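Structure first, then comments.
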Amino acid sequence: MGVAKVRLGRFSLTLPRNRLVRMGLGGGLVVVGALFGWLPVLGYWMVPLGLLVLAVDSPPIRRLNRRTSVAVVGWWRGRKAGRDPV
Numbered sequence: 105m106g107v108a109k110v111r112l113g114r115f116s117l118t119l120p121r122n123r124l125v126r127m128g129l130g131g132g133l134v135v136v137g138a139l140f141g142w143l144p145v146l147g148y149w150m151v152p153l154g155l156l157v158l159a160v161d162s163p164p165i166r167r168l169n170r171r172t173s174v175a176v177v178g179w180w181r182g183r184k185a186g187r188d189p190v
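Here the numbering used here runs 104 ahead of the position in the sequence shown, where the first position is 1.
Below you can see the structure in the form of structure tokens.
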């Protein structure tokens with residue numbers, strides 16, 4: 105198995121090789137983001153990032169992430185198609 109990576113558009117993050125460390129990192133991001141999301145630096149952005157990290161090792165979360173990304177891309181393309189060409 106290769107090195108686990110999370111890709112966000114043009115950017116990619118290399119994750120630790122140890123599965124338990126990855127799961128702890130993803131779970132920690134979700135919990136900290138949920139508890140301290142109202143703070144400026146520790147925002148709610150940590151929850152989706154934690155889910156992306158957890159998706160590397162968890163098929164149900166991977167399916168959820170894929171469905172969400174397909175829905176967001178479809179929404180975005182529909183939104184852009186509705187604009188008047190300049």
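Cβ atoms here follow ideal geometry from the backbone N, Cα and C, with glycine treated the same way. This structure is a prediction, so every number in the text was calculated from the model and none was measured.
**Prompt:** Out of Phe115, Gly130 and Val136, which has the shortest C-alpha to C-alpha gap to Asn88?
**Reply:** Nothing in the structure corresponds to residue 88, since the chain is present only between 105 and 190.
**Asked** So does the segment 124-139 actually touch the segment 157-171, counting three or more Cβ pairs closer than 8 Å?
**Response** Yes, the segment 124-139 touches the segment 157-171.
**Message:** What does the Cβ neighbour count give for Arg126, buried or exposed, with the cut at 16 atoms within 10 Å?
**Reply:** If you draw a 10 Å sphere on the C-beta of Arg126, you find 16 or more other C-beta atoms in it, and that means buried.
**Asked** Quick one: what's got a C-beta closer than 7 Å to Asn169's C-beta in the same chain, skipping five residues either side?
**Response** Exclusion of the five residues before and after Asn169 leaves Leu155, Leu156 and Ala159 as the residues of its chain whose Cβ lies within less than 7 Å of its Cβ.
**Message:** Within 10 Å of its beta-carbon, does Leu119 have 16 or more other beta-carbons around it, so buried, or fewer, so exposed?
**Reply:** Answer is buried; the Cβ neighbour count reaches 16.
**Prompt:** The alpha helix (DSSP H) spanning Ser116 covers which residue range?
**Reply:** Element bounds for Ser116: not the alpha helix (DSSP H) but the beta strand (DSSP E), Phe115 to Thr118.
**Asked** Buried or exposed: Gly186, going by 16 or more other Cβ atoms within 10 Å of its Cβ?
**Response** By the beta-carbon neighbour count (other beta carbons within 10 angstroms, threshold 16), Gly186 is exposed.
**Prompt:** Taking Met150 as the reference, which of Arg183, Gly137, Asp161 and Trp142 has the closest Cα?
**Reply:** With distances taken between Cα atoms, Met150 lies closest to Gly137.
**Asked** Can you list, in chain order, the residues of its chain whose CB lies under 7 Å from that of Arg166, leaving out five sequence neighbours each side?
**Response** Around Arg166: Ala159.
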